[in-house]
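Working notes, beginning with the structure itself.
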Amino acid sequence: MAQGTQQRFIGQLTGVRFVAASWVLLYHYQGALATAGLLVPVLHEVLRVGRLGVDLFFALSGFILTHTYLTRMGPNVTWPRSRHFLWLRLARIYPVHFVMLNVAGLAVLAQQKFGSSTAGSRDWLNAKDYLKQVLLIHEWGPNPQRGWNFPAWSLSMEWLAYLLFPLLVLALFRFHQKLPTRVIALLWCTVLVPLLWYGIAYYGDPYYISGWGSTIRILTEFTAGGLTYLIVLRQWDATPNGVKPRVERLATTLSVVIPIVIVATALVLGHIGALQWSVSDLPDTPDAADLPPKYHLVLVPLLIAWIGALALTTRGPSKYLSTERLVLGGFISFSLYMTHTVWYGLWRAGMKAVHVNGGVLYLLSFLGLVVGAVVIAWLMWRFVEEPAREWMRKRTGERPKPVEEIALENG
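Following numbering that gives the first Met the number 0, the numbering of the sequence shown begins with 0 at its first residue and continues without gaps.
And the structure:
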């Protein structure tokens, strides 16, 4: 294994985190985009599959954690190392989760007291479901109850992956030692078969939650992300000076072509009538036209392959994604993801209170919504996420700032 590989900062993959969070944000903001007159047809089809930004996060997590811990934990996983790993992962996700869990709960209580009585079922607003959220186990099982700050469902799945990661990294380390690249590539394809089968055969739920859907998504995508790293690592180790030129040229081409294929496929899926949801299919979902088309999980392997392509080149999209602004966007992406729906709910309540439902004023307000989401995310990152993370990291003897943030500060 090349010296220093584990300390390599892959800035473009940090930038991708901002892309993924923005994709999810705009997926949730489709209604406001349409009212503002900005939801043009091609954009609409791309945003309809924007929930795949979470799947992109799952695969990125598997890739980056394997990058960081393959040689630290892979040769010999012990309980102290596993405990250390899990504490650092909690330091990464828990402070913002706990803050937003309670902020969202207060917002719902305020809506019940001062808002409309037709806000929908709140059967999850109880101590038992709150405790599940606190413990990050609320998405586990075949029929999870989201509620509260519902983007936290993905944190529950990430926490499951973290608990299993010490076993996964043992296997990945041995795969890297013993298996040729073509066999690892075959494993990559095999791991994604359950996801594709579920995405095609099980389409009674547009959110792919029921029937262990969330568990299938995290386990397959997280593992595929780790296997993608092993394939990338072989290319990093191919020469003393880095990736071979022909490999980088191919990766650069794929980093451009894959997003084009994803957009084209989204357009095709979005225009096949039999794959669209309707109000008759989902009587409790008035915005069914904004839901992704059936079978949209077939795009996930392309997203995971895109991660590998970006990691193998510093040109094309990778050059843009690794700029300082996009990397900073990647740093605030978790806070953006966790805060944007609560902020959206407050914004909609404000727009309703002042009776603005269209026109130029609505358009300007929508721009304020997006800018406000980014500002709130930065404030959450700067004054909650980072201080709490640094405090928790110090408890283990780790340097307060992780290597990627040191790399940004040092230019």
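No residue lacks a Cβ here, since even glycine has one placed at the ideal position from N, Cα and C.
Distance from Tyr26 to Val168 at the Cβ level is roughly 32 Å; contact not present, criterion being Cβ atoms closer than 8 Å. Selection Arg392, Tyr207, Leu134, His66 evaluated against Leu296 yields Tyr207 as nearest (Cα-Cα).
Inside the segment 351 to 388, DSSP marks whole alpha helix (DSSP H) runs of 4 or more residues at positions 358 to 379, from first to last along the chain. Nearest neighbour of Trp139 by Cα position, chosen from Trp147, Gly349, Trp152, turns out to be Trp152. Segment contact: the segment 44 to 57 against the segment 263 to 270, three or more CB-CB distances shorter than 8 Å; contact assigned.
DSSP places Arg245 in the uninterrupted alpha helix (DSSP H) bounded by 244 to 269.
For the options Thr65, Asp54, Pro150, the alpha carbon positioned closest to that of His96 is the one of Pro150. The alpha carbon of Leu162 has as its nearest neighbour, out of Leu124, Ser209, Ile217, the alpha carbon of Ile217. Between Val341 and Ala103, the C-beta gap is smaller than 8 Å, which places the two residues in contact.
Distance from the CA atom of Gly52 to the CA atom of Leu24, rounded to whole angstroms, is 9 Å. Going by DSSP, Pro40 is part of the alpha helix (DSSP H) stretching over 40 to 47.
Annotation: Thr13 to Ala372 spans about 19 Å, alpha carbon to alpha carbon. If you compare the alpha carbons of Ala348, Arg16, Leu327, Gly357 with that of Val374, the shortest gap goes to Leu327. Going by DSSP, Thr395 is part of no alpha helix (DSSP H) at all; its letter is neither H nor E.
Secondary structure of Ser209 (DSSP, three-state): coil. The beta carbons of Val98 and Val383 sit about 6 Å from each other, so the pair counts as a contact at 8 Å. In terms of CA proximity to Ala90, Glu389 leads the group Leu154, Glu389, Leu195. His354 and Leu32 have their C-alpha atoms roughly 17 Å apart. For Trp276, the closest of Ala20, Asp204, Thr252 by C-alpha to C-alpha distance is Asp204. Straight-line spacing of the CA atoms in Gly269 and Pro291 works out to 8 Å. By the beta-carbon neighbour count (other beta carbons within 10 angstroms, threshold 16), Glu157 is buried.
Contact between Gly224 and Leu360 does not hold, since the beta-carbon distance rounds to 44 Å and is not under 8 Å. With contacts defined by Cβ atoms closer than 8 Å, Val231 and Gly329 do not form a contacting pair. Bounds of the alpha helix (DSSP H) holding Gly52 are 51 to 72.
The beta carbon of Leu178 sits closer than 8 Å to those of Leu186, all from its chain and outside the five residues before and after it, given in chain order. Put simply, of Ala304, Ser334, Pro40 the residue whose alpha carbon is nearest the alpha carbon of Ala184 is Ala304.
Trp78 is classed as exposed because its beta carbon has fewer than 16 other beta carbons within 10 Å across all chains shown.
Annotated as proximal: Ala19 and Ser332, with beta-carbon spacing under 8 Å. The C-alpha of Ser317 is placed about 38 Å away from the C-alpha of Gly357. Only residues of its own chain outside the window of five on either side were considered, and among them Thr251, Ser254, Val255 have a CB closer than 7 Å to the CB of Gly315, listed in chain order. Exclusion of the five residues before and after Tyr294 leaves Gly198, Ile199, Tyr202, Leu268, Leu274 as the residues of its chain whose Cβ lies within less than 8 Å of its Cβ. Per DSSP, Val297 is not a residue of any alpha helix (DSSP H), being assigned neither H nor E. Distance check between Arg181 and each of Gly210, Leu38, Thr227, Leu194 places Thr227 closest, using alpha-carbon atoms only. Here Ala376 is near Thr338, since their CB atoms are less than 8 Å apart.
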